[in-house]
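**Student:**
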Amino acid sequence: MNPPLSSQVVVVTGAARGIGALMARRLSEQGAKVALVGLEPAELKAVAAECGPHASAWEADVTDLDALTATARQIQDRYGRIDTVVANAGIAIGGPLLDSDHRAFTRVIEVNLLGGVATARAFLPALTESRGYLLQIASLAALTPAPLMSAYCASKSGVEAFAHALRAEVAHRGVRVGVGYLSWTDTDMVRGADQDAVLAQMRSRLPWPANKTYPLGPAVDRLVAGIARRSVHVYAQGWLRGMQPIRWLVPSVVALGGRRDMARLEPQLKATAGSRLKPVGAGGEADTAARSAHGTGPAGP
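See the structure below:
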């Protein structure tokens, strides 16, 4: 039987805003003690304050394994245990591969995929002690390819495969591993992508229901319910479950439509290529600023 959320210590990465911030609030409403991990200390502290006296904020880059491991130990020292970890931190860029800045493209893989791996490495010792649960946040992008989103699709397909493989490795230790799937949800990342007129136009041509932007609240409520059940798969929008049986067919369909759309949009994409050399949204800006502050340089010029 799964322990109630009211008895759990839950760590959420990427918790300064969007999905992570609201998830921390929802979990705290159900009595969980929450540790918020991310790059924006002021925002993290503000969200933690909203979550109550048993919440805490921790500044750490999920791609820095040493720092993340130290953070994991400090969180465990503070609360005495860690029951659930949500690997939610993520960034995105849009646009054709050949027009993208390679450093920005690579950074998406580093944060989304290798950051998920580092999160598992850092927190699995504590989760093994508590026989806990790791939820890796993936995406519709793990189920279906999308032109102009190759970095994001690659990273989210990667974290899905990583979580499935890890599940088998740690099950005998009592640790459960799940994957969370979201379609386009009303976050800073999605709003940032929609500020690009060409990317927004491409998304509008997706078939229903994949072309909609879904409200944040119901999506997070589904994720929190999945955490309470320690589910193998958690779908933030119910229709995503129906994608699983047909995912083998989707790449061929996307390739047919994408060829036509890419030919039509290519002049606009070329003319605006310089505007999409960095991660989108406020979270992407925070990652770029953090890298610059630590001397690793911005993700783009």
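Residue numbers for the sequence shown follow UniProt numbering, so the first one is 1 and each next one is one higher.
Ideal Cβ placement from N, Cα and C applies to all residues, glycine included.
Evaluate K33 with the Cβ neighbour count: other Cβ atoms within 10 Å of its Cβ, from every protein chain shown; 16 or more gives buried, anything less gives exposed.
**Tutor:** Flag for K33 reads buried.
**Student:** Do the stretch 223-230 and the stretch 24-31 meet, that is, are 3 or more Cβ pairs less than 8 Å apart?
**Tutor:** yes
**Student:** In whole angstroms, what separates the C-alpha of A60 from that of A35?
**Tutor:** Approximately 12 Å between the Cα atoms of the pair.
**Student:** For E43 and R17, what's the separation of their Cα atoms in angstroms?
**Tutor:** 7 Å
**Student:** What would DSSP say about L182, mapped onto helix, strand or coil?
**Tutor:** Correct three-state label for L182: coil.
**Student:** Leaving aside the five residues before and after G115 along the sequence, list all residues of the same chain whose C-beta is less than 7 Å from its C-beta, in chain order.
**Tutor:** V62, T63, A89
**Student:** Does DSSP put residue 342 in a helix, a strand or coil?
**Tutor:** The shown model of the chain, from 1 to 301, leaves out residue 342, and the question about it has no answer.
**Student:** Within 8 Å, do at least three Cβ pairs link the stretch 92-103 to the stretch 267-287?
**Tutor:** They touch, by the three-pair rule.
**Student:** Relative to the C-alpha of A197, which residue among T288, T13, L65, R276 is closest?
**Tutor:** R276
**Student:** Count the other CB atoms within 10 Å of the CB of R230; is the residue buried (16 or more) or exposed (fewer)?
**Tutor:** buried
**Student:** Check for me: the alpha helix (DSSP H) holding K144 runs from which residue to which?
**Tutor:** According to the sequence shown, residue 144 is Thr rather than Lys. Where T144 is concerned, there is no enclosing alpha helix (DSSP H), given that its DSSP letter is neither H nor E.
**Student:** Counting along the chain, where does the alpha helix (DSSP H) carrying Q76 start and finish?
**Tutor:** 65-79
**Student:** Report the rounded CA-to-CA distance for T71 versus S292, giving the unit in angstroms.
**Tutor:** 21 Å
**Student:** Could you check what DSSP says for G115 in three-state terms: helix, strand or coil?
**Tutor:** Helix, per DSSP.
**Student:** Measuring alpha carbon to alpha carbon, tell me which residue in L39, P3, N2 is nearest G20.
**Tutor:** L39
**Student:** Pull up the CB-CB distance for W184 and K212, whole angstroms please, since I reckon it's below 8 Å.
**Tutor:** A Cβ-Cβ distance of about 7 Å is found for the pair W184 and K212, placing them in contact under the 8 Å criterion.
**Student:** If I follow the unbroken alpha helix (DSSP H) through V253, where does it start and stop?
**Tutor:** Counting along the chain, the alpha helix (DSSP H) containing V253 begins and ends at 250-271.
**Student:** Are V159 and Q195 touching if we call contact CB-CB under 9 Å?
**Tutor:** no
**Student:** With three or more C-beta pairs closer than 8 Å as the rule, is the stretch 252-267 touching the stretch 71-83?
**Tutor:** no
**Student:** Below 8 Å on the Cβ atoms is my contact criterion, and I expect A219 with L182 to pass it. Report the Cβ-Cβ distance as a whole number of Å.
**Tutor:** Going by Cβ atoms, the distance from A219 to L182 rounds to 6 Å, so yes, they are a contact pair.
**Student:** Using the DSSP secondary-structure output, state which residues sit across from R278 in a beta bridge.
**Tutor:** Looking at the sequence itself, residue 278 is Lys, so the reference to Arg does not match. Answer is none; K278 lacks a bridge partner.
**Student:** In the DSSP assignment, find the alpha helix (DSSP H) that holds S150 and state where it starts and stops.
**Tutor:** Counting along the chain, the unbroken alpha helix (DSSP H) around S150 starts and ends at 150-170.
**Student:** L65 and R103: beta carbons closer than 9 Å?
**Tutor:** no
**Student:** Can you give the beta carbon distance from T106 to L68, rounded, assuming they're within the 8 Å contact cut?
**Tutor:** Actually they do not touch by this definition, with Cβ atoms about 19 Å apart.
**Student:** Can you list, in chain order, the residues of its chain whose CB lies under 6 Å from that of K45, leaving out five sequence neighbours each side?
**Tutor:** A57
**Student:** Could you pull out every residue in the same chain whose Cβ sits closer than 8 Å to the Cβ of residue 303, ignoring the five residues on either side in sequence?
**Tutor:** Since the first residue of the chain shown is 1 and the last is 301, residue 303 is not available in this structure.
**Student:** Exposed or buried, which one is T128 when buried takes at least 16 other CB atoms within 10 Å?
**Tutor:** Per the 10 Å Cβ criterion, exposed.
**Student:** Tell me the DSSP secondary structure of I137 in three-state form.
**Tutor:** strand
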